[in-house]
Structure formats: structure tokens, C-alpha cells
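All residue numbers for the sequence shown refer to this note's numbering, where the first residue is 797 and numbers rise by one. Here a beta-carbon is modelled for each residue, glycine too, at the ideal position from N, C-alpha and C.
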Amino acid sequence: MGNVEEQQVLLALLARQATLAIEIVSAPSTWNPNAAPVLLRAMADVHITLVWLLGDPKVRVPMYVSDGLGAIKLEIAHREEEIKRNPSAATDEHNSYTEYLKNWLESQRLEFLVEVNLGSWSGKNTRIMAEEAGCLDFYNYVFQPFSSAVHSYWSHVGRVNVEYCENPSHNFHFLPILPSLGPDTHWCMLAAKYLRKTLSAFDDALQLGELPCESFIVVVDAFSERTESDEGETS
């Protein structure tokens, strides 16, 4: 990797991907078609961003960082504007958090040097980034479908949060439901698979050798051991 900024950003994104995978694996309540796609979509976003940054880190990493700092500067401005409109909102918690944001921002760049970008940080949409990063299939089969869960599109809500009315006189219209969804290890396996994919892309970009132990294999082995244990207890 190149300079310190490039190293810390790329490694932080790897840590982000691992954190998301760990949180999914650690929470069986998320292993369902309602919650899992939201977290897996975040993992897809991390993967596409990281692989795209690796394509030209010297140019792209500063763009990524500048956009993040600009987002914090904008949040600070919104918070300060809220206090002007409504002084009673200036609670200790509000002031403390705003001060924390200012300190975090200033620790990296003087605030007056930070530009606020209201558009895409890369100047491209995610599909173009994925295409340039050579992972358009991943965008088509993972990022795009799971986006429907993140944004609550009808393509998701209409399959998870409704059911047909059983009264034929009502023309089988939809009724809203709160589904009871049990855990399915399929979703957990996807988290491990995406983490492996991201680590492999990172290894390929840096021309590293294969990892001695892949995350995907660790998860598969763990489930195999759990299954064998459950079978032993019930036999």
C-alpha cells in the first residue's frame, strides 16, 4: 500500500467488513430474509467501495476521505442551525456530541479547509464503480436486490410484510403482517462468503499469497461441528 492515509482507509474498510460479518454471525435473530439483506447490502457496499479504491488508491482514497469529512462538517452545521432555531435543544448531550464531532474533524483537517460535497463522493454511481472495479455481477446479484430491503421498496415489502386475504369475496387482496421468521444459516453463510470475497480482492490487489485460514471455511466448520453436536445430544 502507499501512504499512511491509503493504508488506514483500506484497512479500516477491511475492519468494517469483518465487523459486519461478525455481527451477522453472532446474531441468529438476523438470519432471515427481512433483516439479513439490510446488513448484507452494507457488506456489498463495502466490497464495491474497497475494490474500487484499490484500483487507484492515490487518487480515490483522498476523495473518499474528503467526502466523509465534508459529511461531518455538514452535520455540525445542521446541529448548530437547530440550536439557533430552537435554543432549548441545546442539551448537554447535544452539545457534547457536537463538540465530539468538531474535535474528530479538526484532528484530521482544519474545518475551513473541508469542502462539503452534496453529490456522489466518487462522482459516479455505485453501478459504474462496480463495473470499473470488475465486480458488476456482484452488484447485479447482491447489491441491487438487497437494496430493496434497505429502502423498503415494494419488491421487498410486498414479499415479506404482506399475505393474501383468504376471503375470496375480497379478491385475495394483501393484508399487512408481522412475519415470524426463524433463523436460516443460509444468510450467515452469505456473510462469511462476502467477507472471503473482500479479503481475496484485497490479497489480489496487494499480490499477497493465500490466507492460511479463510473466514468462510471457519464458519462452515463451526456449523458442521454444531450440527454434529446437536445430533449427538438428540441421538
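Beta carbon of residue i: closer than 6 Å to some heavy atom of the ligand MG?
{"i": "F942", "result": "You won't find the ligand MG in this model; it holds no ligand whatsoever."}
When the distance is taken between beta carbons, is residue j closer than 7 Å to residue i?
{"i": "T826", "j": "A832", "result": "yes"}
{"i": "V956", "j": "F970", "result": "no"}
{"i": "A929", "j": "W848", "result": "yes"}
{"i": "V910", "j": "V857", "result": "no"}
{"i": "E878", "j": "A867", "result": "no"}
{"i": "R905", "j": "L932", "result": "no"}
Of the residues the options, which one's Cα is nearest the Cα of residue i?
{"i": "L1002", "options": "I820, P853, N828 and P829", "result": "P853"}
{"i": "N921", "options": "F939, V910, E907 and I879", "result": "F939"}
{"i": "L986", "options": "W848, S944 and F934", "result": "F934"}
{"i": "E895", "options": "N913, K869 and V912", "result": "K869"}
{"i": "V834", "options": "V861, K989, P941 and L977", "result": "P941"}
{"i": "S948", "options": "V805, T981, P829 and S916", "result": "P829"}
{"i": "E907", "options": "L897, L995 and L914", "result": "L897"}
{"i": "Y860", "options": "S916, A945 and D1000", "result": "S916"}
{"i": "R837", "options": "Y990, S918 and L865", "result": "Y990"}
{"i": "I973", "options": "Y960, F998, G851 and S862", "result": "Y960"}
{"i": "N791", "options": "Q813, A945 and D863", "result": "Because the chain is modelled from 797 through 1031, residue 791 falls outside the range shown and cannot be assessed."}
{"i": "G855", "options": "A945, A997, F998 and S918", "result": "The sequence shown places Val at residue 855, rather than the Gly named in the question. Among A945, A997, F998 and S918, the Cα nearest to that of V855 is on S918."}
{"i": "D999", "options": "L846, S903 and M925", "result": "L846"}
{"i": "E819", "options": "A988, S996 and R923", "result": "A988"}
{"i": "G851", "options": "M925, N963 and P975", "result": "M925"}
Where does residue i land, buried or exposed, given buried means 16+ other C-beta within 10 angstroms?
{"i": "L1004", "result": "exposed"}
{"i": "N936", "result": "exposed"}
{"i": "V800", "result": "exposed"}
{"i": "S822", "result": "exposed"}
{"i": "S1031", "result": "Model confidence at S1031 stands at a pLDDT of 38, short of 50, so the residue's coordinates are unreliable; what they give is reported in the following sentence. Classification for S1031: exposed."}
{"i": "E802", "result": "buried"}
{"i": "K993", "result": "buried"}
{"i": "T815", "result": "exposed"}
{"i": "F1032", "result": "Because residue 1032 is not part of the residues shown, which for the chain are 797 to 1031, the question remains open."}
{"i": "S943", "result": "buried"}
{"i": "D980", "result": "exposed"}
Contact between the stretch 836-847 and the stretch 801-810: three or more CB pairs below 8 Å? Segments in contact, yes.
Three or more beta-carbon pairs under 8 Å between the stretch 866-879 and the stretch 948-962, yes or no? Judged by Cβ distances under 8 Å, the stretch 866-879 makes no contact with the stretch 948-962, as fewer than three pairs qualify.
Which parts of the stretch 909-977 are runs of the beta strand (DSSP E), unbroken and 3 residues or longer, counting only runs that do not cross its ends? The qualifying runs are 958-960 and 970-972.
Can you give, in chain order, each stretch of the alpha helix (DSSP H) that sits fully within the stretch 811-853 and has at least 4 residues? Segments of the alpha helix (DSSP H) lying fully in the stretch 811-853: 832-851.
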